[in-house]
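To start, the structure under review is shown below, and the notes come after it.
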Amino acid sequence: MLDKEIFVEVPDEETGEIQQYLLTPAKKKKVYKGDWVMMFQEGLTHVAKLNLKGETLRVYMILLAKLDYENWLRVRQQDIADELNIKKQAVSRAIKELFEHGILVKGPKVGASNTYRLDPSFAFRGRDKNLEQVRKEVKHLKIIK
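Set out below in structure tokens:
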């Protein structure tokens, strides 16, 4: 946003009279519609080398799809199980494996629900200017687990 108004002066071609026009910045056009998440190539390579199997990989993918701003996740395991048509125990095992690999960290409880945070080394949803702060917060959560 401009701090002050900027006027440009343009002579009229026919009369030579000077016309003043207020310069207004063009509105930023949203390039992407719908929800999206930023992925990091190094993180993708790391996940590929972990060789995650079937249900764990599917749970990881659905968590990426459900990722909220600044990498928070608040989704019930039963809801994931229902959406993927697998047992809740399989979701629980998959989430445990994602914790063990450092992909997820446990966040605070909200009511009876657990929250999680995806390590932003793998993917990030939010404003890029907040990425470094989220990395610090996730590192802190890993330390206090």
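Numbering-wise (the UniProt record's numbering), the sequence shown opens with residue 1 and increments by one.
From the three backbone atoms N, C-alpha and C, an ideal C-beta is built for every residue, glycine too.
Keep in mind the model is a prediction, meaning the values are calculated, not measured.
Beta-bridge annotation (DSSP): Met39 is paired with Ala123. In the structure shown, the three-state DSSP call for Val105 is strand.
DSSP, reduced to helix, strand and coil, places Leu67 outside both helices and strands of the structure shown, so it counts as coil.
DSSP, reduced to helix, strand and coil, places Leu22 within a strand of the structure shown. Setting aside the 5 residues that flank it on each side, Lys142 is surrounded in the same chain by Val105, each with a C-beta closer than 6 Å to its C-beta; the list follows chain order. By the criterion of a C-beta distance shorter than 8 Å, Glu97 is surrounded in its chain by Leu52, Thr56, once the five residues flanking it on both sides are discounted.
For Leu22, the closest alpha carbon among the candidates Val8, Glu13, Thr115, Asp12 is that of Val8. The C-beta of Asp12 has fewer than 16 other C-beta atoms within 10 Å across all chains shown, which makes the residue exposed. Under the three-state reduction of DSSP, Glu9 is assigned to strand. The alpha-carbon of Val134 is positioned some 10 Å away from that of Asp128.
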